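Residue numbering for the sequence shown follows my numbering, starting at 484 and increasing by one per position.
Glycine included, every Cβ here is placed at the ideal spot set by N, Cα and C.
These numbers come from a predicted model, not from an experiment.
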Amino acid sequence: MQALYRIALLAGDGIGPEVIAEAVKVLKTIESVNGVSFRFQAGLIGGSAIDATASPLPAETVAICNNAQAILLGAVGGPKWDSNRPETRPEQGLLQIRKRLGLYVNLRPVKVLDSLAGYSAIKPAYVKGTDLVIVRELLGGIYFGNPRGIFAKNGERMGVNTEIYREHEVERVAHRAFQLARMRRRKVTSVDKANVLETSRLWRDVVTRIGRNYPDVELNHLYVDNCAMQLIDCPTGFDVILTSNMFGDILSDEAAMVAGSIGFLPSASLGEHAALYEPIHGSAPDIAGRNKANPMAAILSAAMMLRYSFRLETAARAVETAVEKVLKRGAHTSEVARSGRALSTSRMGDLIAAETGKILKSGSPRKRK
Ligand code: IPM
Ligand code: MG
Numbered sequence: 484m485q486a487l488y489r490i491a492l493l494a495g496d497g498i499g500p501e502v503i504a505e506a507v508k509v510l511k512t513i514e515s516v517n518g519v520s521f522r523f524q525a526g527l528i529g530g531s532a533i534d535a536t537a538s539p540l541p542a543e544t545v546a547i548c549n550n551a552q553a554i555l556l557g558a559v560g561g562p563k564w565d566s567n568r569p570e571t572r573p574e575q576g577l578l579q580i581r582k583r584l585g586l587y588v589n590l591r592p593v594k595v596l597d598s599l600a601g602y603s604a605i606k607p608a609y610v611k612g613t614d615l616v617i618v619r620e621l622l623g624g625i626y627f628g629n630p631r632g633i634f635a636k637n638g639e640r641m642g643v644n645t646e647i648y649r650e651h652e653v654e655r656v657a658h659r660a661f662q663l664a665r666m667r668r669r670k671v672t673s674v675d676k677a678n679v680l681e682t683s684r685l686w687r688d689v690v691t692r693i694g695r696n697y698p699d700v701e702l703n704h705l706y707v708d709n710c711a712m713q714l715i716d717c718p719t720g721f722d723v724i725l726t727s728n729m730f731g732d733i734l735s736d737e738a739a740m741v742a743g744s745i746g747f748l749p750s751a752s753l754g755e756h757a758a759l760y761e762p763i764h765g766s767a768p769d770i771a772g773r774n775k776a777n778p779m780a781a782i783l784s785a786a787m788m789l790r791y792s793f794r795l796e797t798a799a800r801a802v803e804t805a806v807e808k809v810l811k812r813g814a815h816t817s818e819v820a821r822s823g824r825a826l827s828t829s830r831m832g833d834l835i836a837a838e839t840g841k842i843l844k845s846g847s848p849r850k851r852k
């Protein structure tokens, strides 16, 4: 009997629909050669959902997500909705779905392929060999704490946000980081601002305590400002970076520039019962609808879905190897291409899909089970 996997597709705004279409193309290729079946169900999220239903996360979308084994998301946001009230901004759709599904850990792998080292904003010698994962807490911290708002006080407006971390929120994400490190190079760097913030002092305390359960994993702590510097100075020195919601958001964009382009980087947001996969990049309204965006981050997010949600390791490796091969051949989309011979989004998707099919037909590339 063919295995059937149910996937919710939330393409979202801007380049979201274009890059998700390419990820689906690759998944359909896998279907055709691998004896698995994917059932896709599309839902609205973000600005496009606001336009159609006045809500950034309609109830129907939540139902589609609850009915799926995994969610593949494109991107949300755009200038059209920038002046909306906070509750009806596209970003709320993403923040709410994370919350509703309990997706408390966000994995953001950053790997610099040798063939891409020359494209980094940093000298190739510094970035070559970089292979790290940012483990970002996704449901707490200043993103969700109350009180929040813009209030009037003493004749002027005052903006308020609150950073809160409870012990259990730090514990569960710390366990994930240590467990991940065990499957890698056994090194966790916990990043905080414990010289200034109480939430960070608690964070450091809890991570240290959880770390005692993993004596085979080396743990060290860095202040976030120092980490930002080290990421540029010596990115190869990191294995697993464990950090809070806000610091993880910032450090992952920085790490993306180490990798050469934010267009390459996928992510997985995981909870106990649900999983959402999405590129790290945003909706890039400036190039939306022009068949120019790099679909690699969306395609690699689909590979993470194959690995973590469906346990289809061979298919996941095939997609990752296909991306590496295509890049090695010098095929690039416009944000990377230097010669002016940039590939379109759909052409890049065609190449990766074809290569994935070829790899799967010829037997698994490198078995890593
Ligand atoms: C990200 C994004 C989101 C975040 C925005 C769009 C809400 O920047 O996933 O990194 O801040 O988490
Ligand atoms: Mg971000």
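{"Asked": "Rounded straight-line distance, which links the Cα of residue 691 to that of residue 661", "Found": "11 Å"}
{"Asked": "Proximity winner among 636, 595, 493 and 663, relative to residue 857 (alpha-carbon distances)", "Found": "Here the chain covers residues 484 to 852 and nothing more, so residue 857 does not appear."}
{"Asked": "Through-space distance from residue 683 to residue 826, alpha-carbon basis", "Found": "44 Å"}
{"Asked": "Helix, strand or coil at residue 497 according to DSSP, with G and I counted as helix", "Found": "coil"}
{"Asked": "Counterpart residues of residue 486 in DSSP-defined beta bridges", "Found": "519"}
{"Asked": "Touching by the beta-carbon criterion (3+ pairs, under 8 Å), the segment 530–537 and the segment 546–557", "Found": "no"}
{"Asked": "Whole-angstrom distance between residue 818 and residue 776, CA atom to CA atom", "Found": "8 Å"}
{"Asked": "Under 9 Å between C-beta atoms of residue 824 and residue 753", "Found": "no"}
{"Asked": "Residue 591 - DSSP class collapsed to helix/strand/coil", "Found": "strand"}
{"Asked": "Whether residue 645 touches residue 668 by CB criterion (9 Å)", "Found": "no"}
{"Asked": "Bridge partners - residue 524, DSSP secondary structure assignment", "Found": "491"}
{"Asked": "Between the CA atoms of residue 638 and residue 782 - distance to the nearest angstrom", "Found": "51 Å"}
{"Asked": "Backbone secondary structure at residue 712 - three-state DSSP", "Found": "helix"}
{"Asked": "Any non-hydrogen atom of the ligand IPM within 8 Å of residue 750 CB", "Found": "yes"}
{"Asked": "Three-state secondary structure (DSSP) of residue 854", "Found": "Since the first residue shown for the chain is 484 and the last is 852, residue 854 is missing from the structure and cannot be characterised."}
{"Asked": "Whether residue 625 touches residue 573 by CB criterion (9 Å)", "Found": "no"}
{"Asked": "Closer than 7 Å: residues whose CB approaches a heavy atom of the ligand MG", "Found": "732, 735, 736 and 763"}
{"Asked": "Other residues of its chain near residue 562: CB distance less than 7 Å, five sequence neighbours each side excluded", "Found": "768"}
{"Asked": "Cα-Cα separation, residue 848 to residue 688", "Found": "In this predicted model, residue 848 has a pLDDT of only 48, less than 50, meaning its place in the structure is not dependable; the value taken from the coordinates is given anyway. So the alpha carbons of these two residues sit roughly 43 Å apart."}
{"Asked": "Beta-carbon proximity list for residue 780, same chain, < 8 Å, skipping 5 on both sides", "Found": "502, 745, 746, 747, 748, 749, 762, 763 and 764"}
{"Asked": "Sequence ranges, beta strand (DSSP E) only - wholly within the segment 578–630, length at least 3", "Found": "588–594 and 614–620"}
{"Asked": "Cβ-based neighbour list, residue 697, same chain, cut-off 6 Å, excluding 5 preceding and 5 following", "Found": "661"}
{"Asked": "Residue 673, enclosing beta strand (DSSP E) - first and last residue", "Found": "670–675"}
{"Asked": "Span separating the alpha-carbon of residue 642 from that of residue 635", "Found": "9 Å"}
{"Asked": "Any non-hydrogen atom of the ligand IPM closer than 8 Å to residue 578 Cβ", "Found": "yes"}
{"Asked": "Own chain, CB closer than 8 Å to residue 729, minus 5 neighbours either side, in chain order", "Found": "624, 625, 626 and 646"}
{"Asked": "Proximity to residue 712 [Cα-Cα], best of 751, 603 and 741", "Found": "741"}
{"Asked": "Identity of the residues DSSP links to residue 826 by a beta bridge", "Found": "816"}
{"Asked": "Test item: CB-CB of residue 615 and residue 580 under 9 Å", "Found": "no"}
{"Asked": "Alpha-carbon to alpha-carbon, residue 677 and residue 704", "Found": "10 Å"}
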